[in-house]
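Scroll down for the structure; my scribbles are underneath it.
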Amino acid sequence: MHSSIRYLHIFFMSVGWVGLLIIAISIQVLPMFYVTREHMKFGSIRFLRSLFALTVAHALLYLLRPYVNKLEFIINSVQSSVLIFLMCAGLL
Numbered sequence: 052m053h054s055s056i057r058y059l060h061i062f063f064m065s066v067g068w069v070g071l072l073i074i075a076i077s078i079q080v081l082p083m084f085y086v087t088r089e090h091m092k093f094g095s096i097r098f099l100r101s102l103f104a105l106t107v108a109h110a111l112l113y114l115l116r117p118y119v120n121k122l123e124f125i126i127n128s129v130q131s132s133v134l135i136f137l138m139c140a141g142l143l
């Protein structure tokens, strides 16, 4: 159980905090240099929400891993992650 909590803590730190921090800073800093065209705020917020939803889905599926058959777990996790991403991206 402790290794699962440690893994989730590392996962949330790396993807959730560091990733979102880099993305949020790049949204504000890159347009200041006029190297790229201005980002759409709506698209950026949609991407951040979908990244957060995928992170939470991964954490929940990882915690439920011992209770599910291995092959069924892999299939369900991929399907649910893709579905959550498409829903947050507004494609469904």
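Start counting the sequence shown at 52; every next residue gets the next number (this note's numbering). Think of the CB as a built atom: it goes at the ideal place given N, C-alpha and C, for glycine as much as any other residue. Everything numeric in this text was worked out from a predicted model, so none of it was measured.
Item	Value
Outcome for His53 when other beta-carbon atoms lying within 10 angstroms are tallied against a minimum of 16	exposed
Proximity below 9 Å, CB of Leu59 to CB of Leu99	no
As assigned by DSSP and simplified to three states, the class of Leu72	helix
Coil, strand or helix - Leu115 by DSSP	coil
Cβ separation of Ala108 and Ser77, assumed to be a contact under 8 Å, to the nearest whole Å	Not confirmed; about 24 Å, so no contact.
Cβ distance (whole Å) where Leu165 is taken to contact Ser55 below 8 Å	One cannot answer for residue 165 here, as it falls past the ends of the chain, which runs 52 to 143.
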